[in-house]
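Protein sequence lines correspond, in order, to chains W and Y.
Quick note: the first sequence uses this note's numbering, first residue 896, plus one each step.
Quick note: the second sequence uses this note's numbering, first residue 996, plus one each step.
Cβ coordinates follow ideal geometry from the N, Cα and C atoms, glycine included.
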Amino acid sequence: MKQIKVNAIKNGTVIDHITTGKIRKVLDILHLDGTDIVMIGMNLSSKKLGRKDIIKIENKELSELEVNSIALIAPEATLIIIKDFEVVKKSSLKIPEYIEDIISCPNPKCITNEERIISKFKLTNDEPAQVRCIYCEKKYLIDEVKIKN
Amino acid sequence: MKNLISMRDLSKKEILYFMEIAELIEKGELIPDMKGKLAALLFFEPSTRTHFSFATAMKKIGGQTITMRGTSGTSAKKGETFADTLQTIAQYAEIIIMRSPVEGAARFASEVVDIPVVNAGDGANQHPTQALLDLYSIMKTQGTLENLRIGVAGDLKFGRTVHSLVQAMSEFHPKFKFISPSFLKMPAYIKDDLTEKNIEFEELSEMTDNISDLDILYVTRIQKERFADLEDYEKVKGSYILEKSMLKGVKKNFKVMHPLPRVDEISTNVDNTEYAYYFQQAKNGVYMRQAIITILLGGVK
């Protein structure tokens, strides 16, 4: 019998295969309000990752911005759309080639930290994920940049 | 090409095009006519030389200049956004030439205004007109940019000029010697780029005995302020001062370059040798800047 540790949802979104420890950051960017129904599983066993975290949210579809932000934090995560208890779409996340307004440049001398302008980064490397600010041209590992809330 | 913001944006072909136009202007075979054109020189950081070089270049091709100075990259203190300042200036001038301590300021400006923008230095980031004039100087003295042995000495950690130069030369299969104190070494991200492109480089801590196989030695200033302890500065500074006596046995085509201003890293007794090239280098800067402005303003038919 299949062991269910986190209840199934009727309609909504499941973010599966979140690397353990990254779930807090993922929750931060989800803009959940007080009424959202959310189930969280942490340190569950996973064939793919050994251990994983999982988030299930009833009646919510993620915006493109949210999806791209999650891709930056937890690129190994899987996004599952549920309708009537059925999986209707399953997709792995991909860090976008061009990242606009999601992350802040860590360089204090960068124009994006001086003026109120939209930050823009280009993905320069996949593994490990690395981005370059198109303004100050500094390169950073994804773990070094701050995701905007 | 509409703007000149970063060497990163330029292909090898475009770099060589700048060289070609600068050479035509220098030889008098191309006489640009920028009469009626106005360049706005926005210098938010003091730089007498770069300003002077651009103003000279614009005037020599028949154009005029206006200058705005300030200590900040922006007019935020007056309540006006930087974008508004730029858009206003773009109503007066045909081209903006901008120096700023804020990294990425020129890129931002190029997104805001419709007229061409030239980056005349943005913080520790880029100084593409300096890189192009350096390349032009190397080309003139060596007859080529390909397969040269280039030594770069001094402050390699904070030196924006050397970063742009190394980046720009990377297209032309050079071999580098980086000569600096250990704590002012070339940053890892520049070395990573070189490794990716299979470009050979050595890191050394002494000029002596390391220059006889070079085609170019590019010397930059080591600022005293970089040293935590002035005693350390006194100890190492001799290793980074080029003396005439060190030039014995260098190659015939060897040239010493320096972005200027020089303090004491090249002894004045080098000035009268056939190897000194730094003042001609500054002159080449005017030809290169004439070429840059002319190209961006569509003056090359």
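### Message
Quick check: is the beta carbon of E1098 (chain Y) nearer than 8 Å to any beta carbon in chain W?
### Response
yes
### Query
What first and last residue would you give for the alpha helix (DSSP H) that runs through F1013 (chain Y)?
1007 to 1021
#### Entry: Unbroken stretches of the beta strand (DSSP E), 3 residues or longer, contained in the region 1032 to 1104 of chain Y
1033 to 1038, 1059 to 1064, 1090 to 1095
### Task
Reducing DSSP to helix, strand and coil, say where H912 (chain W) ends up.
strand
### Message
For A1085 (chain Y) and P1023 (chain W), what's the separation of their Cα atoms in angstroms?
### Response
42 Å
### Query
So is V1281 (chain Y) buried or exposed if we call it buried at 16+ other beta carbons inside 10 Å?
buried
### Query
For a contact meaning CB atoms closer than 7 Å, what does K1041 (chain W) contact in chain Y?
Going along chain Y, no residue has its Cβ under 7 Å from K1041 (chain W), so there is no contact; the nearest lies around 17 Å.
#### Entry: Those residues which DSSP pairs with F1196 (chain Y) across a bridge
Y:F1171
### Message
So if DSSP puts S987 (chain W) in a beta bridge, which residue, or which two residues, is it bridged to?
### Response
W:T973
### Task
Classify S999 (chain W) as helix, strand or coil using the three-state DSSP reduction.
strand
### Message
Could you give the first and the last residue of the continuous beta strand (DSSP E) run that contains M934 (chain W)?
### Response
933 to 941
### Query
Should the region 1110 to 1123 of chain Y be called in touch with the region 1007 to 1022 of chain Y, which here means at least 3 C-beta pairs below 8 Å?
no
### Query
Looking at the structure shown, is Q1121 (chain Y) part of a helix, part of a strand, or coil, going by DSSP?
coil
### Task
Check Y1273 (chain Y) in the structure and name its three-state DSSP category.
helix
### Task
Spell out whether any CB of chain Y is found under 8 Å from the CB atom of Y993 (chain W).
no
### Message
Need the endpoints of the beta strand (DSSP E) that K1164 (chain Y) sits in, please.
### Response
Correcting the residue type first, residue 1164 (chain Y) is Met in the shown sequence and not Lys. Unbroken run through M1164 (chain Y) is the alpha helix (DSSP H), 1155 to 1164; no beta strand (DSSP E).
### Message
Let me check understanding here. Comparing Cα to Cα, which of W:I990, W:F1016, W:T915 lies closest to C1000 (chain W)?
### Response
W:F1016
### Message
In this structure, how does DSSP classify E1220 (chain Y) when only helix, strand and coil are distinguished?
### Response
helix
### Close Cβ partners of G1023 (chain Y) (< 8 Å) along its chain, the five nearest in sequence each way excluded
none
### Query
Straight-line CA distance for H912 (chain W) to D948 (chain W)?
6 Å
### Query
Hey, how far is the Cα of E956 (chain W) from the Cα of L1036 (chain W)?
29 Å
### Query
Looking at chain Y, which residues of the region 1021 to 1037 of chain W have a Cβ within less than 8 Å of any of its Cβ atoms?
C1028, I1029, Y1030, C1031, E1032, K1033, K1034
### Task
Report, in whole angstroms, the separation of the C-beta atoms of I1236 (chain Y) and V1251 (chain Y), which I expect to be a contact under 8 Å.
With 8 Å as the limit, I1236 (chain Y) and V1251 (chain Y) do not qualify as a contact, their Cβ atoms being about 12 Å apart.
### Task
Provide the residue(s) that pair with G1146 (chain Y) in DSSP beta bridges, ordered along the chain.
Y:K1172, Y:L1212
### Task
Could you tell me whether the Cβ of G1118 (chain Y) comes closer than 8 Å to any Cβ of chain W?
yes
### Query
If you draw a straight line from the C-alpha of V1245 (chain Y) to the C-alpha of P1027 (chain Y), how long is it?
39 Å
### Opening and closing residue of the beta strand (DSSP E) in which V1251 (chain Y) lies
1250 to 1252
### Query
Any idea which residues DSSP pairs R1027 (chain W) with across the strands?
W:K1017, W:K1034
### Message
Using a Cβ-Cβ distance cut-off of 8 Å, determine whether R1094 (chain Y) contacts chain W.
### Response
no
### Task
Give every residue of the same chain whose Cβ lies closer than 7 Å to the Cβ of A951 (chain Y), excluding the five residues on either side of it in the sequence, and list them in chain order.
Residue coverage of chain Y in this structure runs from 996 to 1296, which leaves residue 951 (chain Y) outside it and unanswerable.
### Query
Helix or strand or just coil, what does DSSP make of L960 (chain W)?
helix
### First and last residue of the uninterrupted beta strand (DSSP E) at D923 (chain W)
Segment 918 to 924 is the alpha helix (DSSP H) holding D923 (chain W); no beta strand (DSSP E) there.
### Query
Cβ of I976 (chain W) within 8 Å of Cβ of D996 (chain W)?
no
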